[in-house]
Amino acid sequence: MESQDFQNEQKRVDYVVHKLGNRIDQTKLEYNKAHNETKRVQQNYGNNTSVNYFEVDDRIETSADLQQQRGLVNTVVQNESIIENQLKTYKQLSNSPYFGRIDVLDDDENDSEKLYIGTASFVDDNNDFLIYDWRAPISSIYYNGTLGKVNYTTPAGKQTTELLKKRQFQIQNSKIDNMFDTNETVGDEMLQNALGQQNDETMQNIVATIQSEQNDIIRDTKNDLLVVQGVAGSGKTSAILQRIAFLLYHSRSSLEADQIILFSPNRLFSHYISDVLPSLGERNMRQVTLQEFIDHRFEGLNVQSLFERYENEKNLSINQSTIRNFKESHQYMKQIYDYAENTAPNNMAFNDLMLDGQVIFDNEVINNIYNEQPKLMKSADKFLNTKNRLIKLLKKRIELEVYKPWVDAKIDQLNSEQYHDFIAGHQLGSFQDEDDERYFIAKQIVTEHFRKMYDAIYNGNFFNPYIQYKKFMKQVTLEKNIKDNNWKENIFDYDNQLEMHKINLDNAAPILYLRDLLMGGGQNQKMQYLFVDEMQDYSIAQLVYIKHAFPRTKINLIGDSEQALFKEVESPESLLNKLNDAFATKRSRLITLNRSYRSTYQITNFAKSLLPTGNKIEAFNRQGKAPEIIIRDSEKDAIDNLIKKAKTELASEGTVAVITKNLVEAKSVYQHITTQINSTLLDNADRSLPKGVVVMPIYLAKGLEFDSVIAWNISKENYNSKKLVGTLYTIATRSMHHLSLISIGKVSPIIANAKLPINELKINRQI
Ligand SMILES: Nc1ncnc2c1ncn2[C@@H]1O[C@H](COP(=O)(O)OP(=O)(O)OP(=O)(O)O)[C@@H](O)[C@H]1O
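Structure below.
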């Protein structure tokens with residue numbers, strides 16, 4: 016028998032859904048009207064464009080008219096899409112109108128007020144708020160407050176109220192499945208339910224169960240630099256996506272979705288998170304991977320990707336990795352800055368500007384112009400002035416060239432059609448004499464002839480940033496632990512790579528930074544927020560460059576130092592110090608998340624036992640099976656067991672991933688299993704996760720999660736270095752429900768030495 020309370024709540028849901036139904040009907044009519052209007056305007060626009068272009072003389076008039084019509088088309092299309100979105104929101108709400116209720120009593124009131132919280136607001140025709148948006152100021156009480164006096168921040172300042180009741184709902188198909196009162200921030204029962212679900216192809220929003228510390232990240236509006244260090248599965252990615260939705264709501268009038276940019280770890284991840292914001296009625300922010308961002312800026316050159324770097328990691332000597340650390344430091348980028356602003360101007364890597372094998376402006380001329388600029392002027396401004404001077408010189412050169420015999424010869428060769436083409440557009444009879452007419456044509460011929468030169472100046476092709484960078488490297492102040500010979504070798508290597516049109520990743524950010532500082536450009540002033548997920552995979556040098564590229568942004572860096580692949584862990588505090596130093600921010604904040612939600616209690620316990628500092632990780636209490644370690648003495652046996660395991664997992668779980676250390680291993684495993692089980696090998700170019708078993712190297716699984724994970728070959732031989740702790744930890748924490756680990760021969764010491772009671776592991780050994 017349902018309680019009276021339950022029945023009353025269901026009645027209210029029915030009432031709200033009924034009101035939503037009315038609104039949906041009303042909105043559908045509006046939508047049809049808007050749609051017809053769009054069709055009408057578009058058709059009108061189409062007719063005008065096709066008819067009037069035949070009448071050459073009408074062109075100018077037509078184009079003004081068209082512009083006006085194009086504006087009209089945009090407006091009606093926009094209007095239609097706003098109504099369409101509203102309709103979508105109302106439909107979503109009528110399935111599940113809200114997930115929370117808070118009863119509050121303000122000081123100056125006698126009666127308490129019941130407020131219902133959902134993914135969007137719904138105001139009825141009497142202006143009553145039937146649902147409050149989860150991002151409304153008052154809604155923060157639902158996430159942060161416990162019963163009693165509570166504060167919340169509104170645009171008008173801090174408000175106080177008394178929280179009398181907090182109730183949570185699970186509503187589906189307009190029916191309450193579950194409801195309970197809680198004094199906790201958001202009760203564990205709801206979370207248990209949300210986390211116990213099978214993995215979907217794409218990430219879901221978590222607004223119904225946001226935890227208090229996640230809420231701090233979501234609602235922060237004070238800091239210029241927000242660093243979130245959160246253990247695997249602690250909801251970092253979820254929190255930043257809800258944060259973006261929050262910011263879009265909070266700054267509705269001044270912030271657009273495409274003024275927010277998220278650096279994501281790979282394309283699979285970009286697809287994986289692409290539904291969250293639309294499910295909250297918002298447009299997606301811009302997304303880019305580091306590789307896309309860099310490649311775009313190095314046209315024609317092949318820049319090493321992070322993935323290629325992982326694959327070659329073992330070939331790096333200690334000296335080489337010391338040099339790499341130096342090149343990826345803030346200190347190195349600071350030297351670039353000082354060099355660009357002070358030293359380089361006397362020593363710029365200018366080259367001759369040539370056209371058809373002939374020098375038009377030699378580098379000495381360019382150098383002189385550059386050096387005539389005021390000493391204290393910014394390098395980028397000197398460069399701009401040099402360009403402008405060169406363009407002026409080019410114009411003079413064009414004037415002189417007009418009278419050269421080759422131009423006469425060219426004019427003489429024109430047939431009458433070509434001749435008339437040249438003077439078309441010029442009013443008949445407006446030339447004073449024949450010379451005037453000849454000059455008019457000659458000028459066009461010469462201008463065309465020099466167009467490439469103009470483009471070359473405009474694009475700054477008289478400057479070679481790659482040579483300049485080499486000059487920089489030759490004069491850099493080295494850290495004490497780097498030997499001159501090793502550095503020379505590094506410069507030599509840079510040269511060799513460049514000949515093959517290749518650039519190592521550690522040189523990419525410094526070259527771009529140097530190029531932008533000296534030449535100007537490369538900056539996006541419109542972007543307001545910058546988010547970097549998996550920040551532990553970025554060097555400080557890369558972050559400095561990214562910040563330079565988006566100078567006006569507030570920065571949000573999210574990551575987990577323990578999930579660093581192929582490198583040793585760095586403490587978040589030391590990282591924050593470095594970042595504060597690098598970005599010179601005024602207000603910064605580090606938020607740590609230690610509670611892990613993704614995996615079962617058993618999997619999280621196993622994963623934390625791998626880490627020297629794993630104790631701080633708090634496993635969410637969702638029970639499951641103990642992780643299983645399968646040990647076999649031959650590769651063949653191991654593969655047979657992998658296939659068996661994958662088949663059973665596929666039968667009971669939604670998504671199954673076989674995760675390897677690198678691509679070479681993934682390819683080999685895939686070749687062995689694919690004839691026996693439906694599987695897909697994923698690589699860097701993949702954008703979405705197929706059904707069945709997927710095989711992939713760990714760096715492609717970053718940020719993703721699967722119902723079942725099978726870690727391939729966690730043997731002593733394969734995982735023998737401290738640098739691989741993060742890799743194993745990251746693999747284990749990709750799993751939500753089941754984790755199996757296969758070893759060929761003895762198990763890695765990282766696992767063998769882990770402090771985990773033996774009954775928390777299932778060992779399946781046959782040697
Ligand atoms: N408050 C929450 N309510 C419901 N589910 C949550 C909550 N927080 C996190 N989760 C779930 O936990 C899982 C992990 O979240 P998310 O991917 O955001 O974590 P992460 O910290 O970015 O992980 P990682 O660093 O390991 O990639 C997701 O399935 C997410 O939906």
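Residue numbers are given in this note's numbering: position 740 of the sequence shown equals residue 755, and the series is strictly consecutive. All C-beta atoms in this analysis are idealised placements derived from N, C-alpha and C, irrespective of residue type, glycine included.
Beta bridge counterpart(s) of residue i as assigned by DSSP
{"i": "valine 547", "result": "Phe278, Leu572"}
{"i": "lysine 164", "result": "Glu177"}
{"i": "tyrosine 131", "result": "Arg116"}
{"i": "arginine 182", "result": "Arg116, Asp196"}
{"i": "threonine 169", "result": "Gly172"}
{"i": "alanine 11", "result": "For residue 11 there is no data in the structure shown, the boundaries of the chain being 16 and 782."}
{"i": "phenylalanine 365", "result": "Phe478"}
{"i": "valine 417", "result": "Valine 417 pairs with nothing; no bridge assigned."}
Proximity of residue i and residue j at Cβ, strictly below 8 Å
{"i": "glycine 115", "j": "arginine 182", "result": "yes"}
{"i": "tryptophan 502", "j": "leucine 493", "result": "yes"}
{"i": "leucine 405", "j": "phenylalanine 376", "result": "yes"}
{"i": "valine 291", "j": "leucine 241", "result": "no"}
{"i": "phenylalanine 8", "j": "glycine 718", "result": "Residue 8 lies beyond the stretch modelled for the chain, which goes from 16 to 782, so this question has no answer here."}
{"i": "serine 344", "j": "leucine 533", "result": "no"}
{"i": "valine 31", "j": "glutamine 57", "result": "no"}
{"i": "lysine 660", "j": "serine 755", "result": "yes"}
{"i": "alanine 49", "j": "isoleucine 98", "result": "yes"}
{"i": "isoleucine 191", "j": "glutamine 19", "result": "no"}
{"i": "lysine 458", "j": "valine 491", "result": "no"}
{"i": "isoleucine 518", "j": "valine 318", "result": "yes"}
{"i": "isoleucine 460", "j": "lysine 425", "result": "yes"}
{"i": "phenylalanine 278", "j": "leucine 321", "result": "no"}
{"i": "serine 694", "j": "alanine 247", "result": "no"}
{"i": "arginine 637", "j": "threonine 670", "result": "no"}
{"i": "isoleucine 232", "j": "alanine 254", "result": "yes"}
{"i": "asparagine 728", "j": "serine 758", "result": "yes"}
{"i": "glutamate 715", "j": "asparagine 281", "result": "According to the sequence displayed, residue 715 carries leucine and not glutamate. In this structure, asparagine 281 lies closer than 8 Å to leucine 715 by Cβ."}
Unbroken alpha helix (DSSP H) run spanning residue i, endpoints
{"i": "asparagine 386", "result": "378–387"}
{"i": "serine 683", "result": "678–688"}
{"i": "aspartate 470", "result": "466–473"}
{"i": "serine 646", "result": "Here residue 646 is isoleucine; the residue named in the question, serine, does not match the sequence. Unbroken run through isoleucine 646 is the beta strand (DSSP E), 643–647; no alpha helix (DSSP H)."}
{"i": "methionine 205", "result": "203–211"}
{"i": "proline 627", "result": "No alpha helix (DSSP H) contains proline 627, which DSSP labels as neither H nor E."}
{"i": "leucine 527", "result": "520–534"}
{"i": "glycine 537", "result": "No alpha helix (DSSP H) holds glycine 537; DSSP gives it neither H nor E."}
Endpoints, the beta strand (DSSP E) within which residue i is located
{"i": "histidine 753", "result": "750–759"}
{"i": "glutamine 302", "result": "301–303"}
{"i": "serine 603", "result": "603–608"}
{"i": "aspartate 126", "result": "From DSSP, aspartate 126 is part of no beta strand (DSSP E); its letter is neither H nor E."}
{"i": "tyrosine 147", "result": "144–148"}
{"i": "alanine 622", "result": "Alanine 622 -> not in any beta strand (DSSP E); alpha helix (DSSP H) instead, spanning 616–624."}
{"i": "valine 724", "result": "721–726"}
{"i": "valine 673", "result": "671–675"}
{"i": "threonine 695", "result": "694–696"}
{"i": "glutamine 244", "result": "240–245"}
{"i": "proline 712", "result": "708–712"}
{"i": "methionine 369", "result": "368–370"}
Classification of residue i by the beta-carbon crowding that lies within 10 angstroms, buried from 16 upward
{"i": "aspartate 436", "result": "exposed"}
{"i": "methionine 550", "result": "buried"}
{"i": "lysine 623", "result": "buried"}
{"i": "isoleucine 644", "result": "buried"}
{"i": "lysine 761", "result": "exposed"}
{"i": "phenylalanine 137", "result": "buried"}
{"i": "glutamate 432", "result": "exposed"}
{"i": "glycine 315", "result": "exposed"}
{"i": "asparagine 220", "result": "buried"}
{"i": "threonine 169", "result": "exposed"}
{"i": "isoleucine 778", "result": "exposed"}
{"i": "leucine 415", "result": "exposed"}
{"i": "leucine 44", "result": "exposed"}
{"i": "glycine 133", "result": "buried"}
{"i": "aspartate 552", "result": "buried"}
{"i": "phenylalanine 341", "result": "buried"}
{"i": "asparagine 539", "result": "exposed"}
{"i": "proline 525", "result": "buried"}
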